[in-house]
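J.: One structure, as C-alpha cells, below. Some questions next.
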C-alpha cells in the first residue's frame, strides 16, 4: 500500500511513506507481545495532506472483530500523541484503516465500526479494493482503446492522402 496508496483511496495521488511513524509504532508494539496466532504486525504509515494514515493489514481471509478496532485505536492515538514531534512534518491528525477479508456481523463489531468511523477509522475489504481498482483501470483502458482507434483512423487518412 505504501507503493500504491491510491488502492485505499483513489484521491491519494501525492503521499509520503512515513517510516518514522511506522518505526515508532513497531517500537511501542513489538511483535513478541502479540499472541502466537497473530504474531505479525503489518502496518504502514502514509502521509497525505495534513494526515498520517495508519494502515493495518490483516490476512485476506481474516474476519475483523470488535477487538481489532481497539487495537487500531491504540495505534492511531499513539500517532496522534506524537504529531508535531516529528521534524519537518506538518500533520494535524491521524486516521486509521483495517484492511481485511471480511467484518464480523455481530452487534458489538457493527457498533464499534460505526463509532470508530466518526473518529476517522475505517475498514476496507480486499474485495472492495480490488473492485475499485478494476473500475478505475477499466476507464483508463477504455481511454487507451479510444486513443488507439483514433490513431489508426489518422494513419489510414494520412496514407490515403499520400
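In my numbering, the protein residues as written are 102 to 263.
Just so it is clear, CB atoms sit at the ideal spot from N, CA and C, and this is done for glycine as well.
Bear in mind that the values here come from a model prediction, so they are computed numbers and not experimental data.
1. Would you report the Cα separation of residue 202 and residue 159, rounded to the nearest angstrom?
2. Going along the chain, which residues of its own chain have a beta-carbon closer than 8 Å to the beta-carbon of residue 137, five neighbours each way excluded?
3. Who are the Cβ neighbours of residue 173 in its own chain at under 6 Å, not counting the five residues just before and after it?
4. Identify which residue in 148, 224, 169 has its Cα closest to the Cα of residue 123.
5. Measure the C-alpha to C-alpha separation of residue 233 and residue 242 and round it to an integer number of angstroms.
6. Specify the secondary structure class of residue 226 as computed by DSSP and reduced to three states.
7. Quick one: what does DSSP say residue 140 is sitting in, helix, strand or coil?
8. Applying the criterion that 16 or more other CB atoms from any shown protein chain within 10 Å of the CB defines a buried residue, is residue 195 buried or exposed?
9. Given a cut-off of 8 Å on the beta-carbon distance, is the pair residue 144 and residue 155 in contact?
10. Is residue 106 buried or exposed, if buried means 16 or more other CB atoms sit within 10 Å of its CB?
11. From 150, 167, 111, pick the residue whose C-alpha is nearest to that of residue 215; which is it?
12. From what residue to what residue does the beta strand (DSSP E) around residue 194 run?
13. Do you know how far the Cα of residue 121 is from the Cα of residue 192?
14. According to DSSP, which residues form a beta bridge with residue 158?
15. Quick one, are the C-beta atoms of residue 109 and residue 237 less than 8 Å apart?
16. For residue 80 and residue 165, which I take to be in contact (beta-carbon distance under 8 Å), what is that distance rounded to the nearest angstrom?
T.: If we stick to the structure as given:
1. Indexing the chain shown from 1 puts residue 202 at position 101. Indexing the chain shown from 1 puts residue 159 at position 58. Looking at the two C-alpha atoms, the distance is approximately 8 Å.
2. Taking the first residue of the chain shown as 1, we reach residue 137 at position 36. Note on residue 137: pLDDT 44, under 50, position unreliable in the model; no value is reported.
3. On the chain shown, position 72 is the one that residue 173 refers to. Within the same chain, residue 173 has close Cβ partners 157, 197, 199, 222.
4. By 1-based counting over the chain shown, the position of residue 123 is 22. Comparing Cα positions, the closest option is 148.
5. Sequence index remark: in the chain shown, residue 233 carries index 132 (1-based). Sequence index remark: in the chain shown, residue 242 carries index 141 (1-based). Taking the straight line from one Cα to the other gives about 14 Å.
6. In the chain shown, the residue the question calls residue 226 occupies position 125. Of the three classes helix, strand and coil, the one that applies to residue 226 here is strand, per DSSP.
7. If you number the chain shown from 1, residue 140 lands on position 39. Here residue 140 scores only 44 on pLDDT, less than 50, and its place in the model is too uncertain to base an answer on.
8. As a first step, residue 195 must be located in the chain shown, where it is residue number 94. Label assigned to residue 195: buried.
9. Within the chain shown, numbered from 1, the residue matching residue 144 stands at position 43. Within the chain shown, numbered from 1, the residue matching residue 155 stands at position 54. Taking 8 Å as the Cβ cut-off, residue 144 and residue 155 qualify as a contacting pair.
10. Residue mapping note: residue 106 aligns to position 5 of the chain shown, counting from 1. Its Cβ being crowded by 16 or more others within 10 Å, residue 106 is buried.
11. Start at 1 with the first residue of the chain shown, and residue 215 comes out as number 114. Considering only alpha carbons, the answer is 167.
12. Mapped onto the chain shown, residue 194 falls at position 93. 194 to 201 is the extent of the beta strand (DSSP E) around residue 194.
13. As a working mapping, residue 192 is identified with position 91 in the chain shown. As a working mapping, residue 121 is identified with position 20 in the chain shown. Cα-Cα distance, rounded: 13 Å.
14. Position 57 of the chain shown holds residue 158. Residue 158 pairs with 200.
15. On the chain shown, residue 109 is found 8 positions in, with the first residue counted as 1. On the chain shown, residue 237 is found 136 positions in, with the first residue counted as 1. Contact: no.
16. The structure shown has nothing for residue 80, since the chain only spans 102 to 263.
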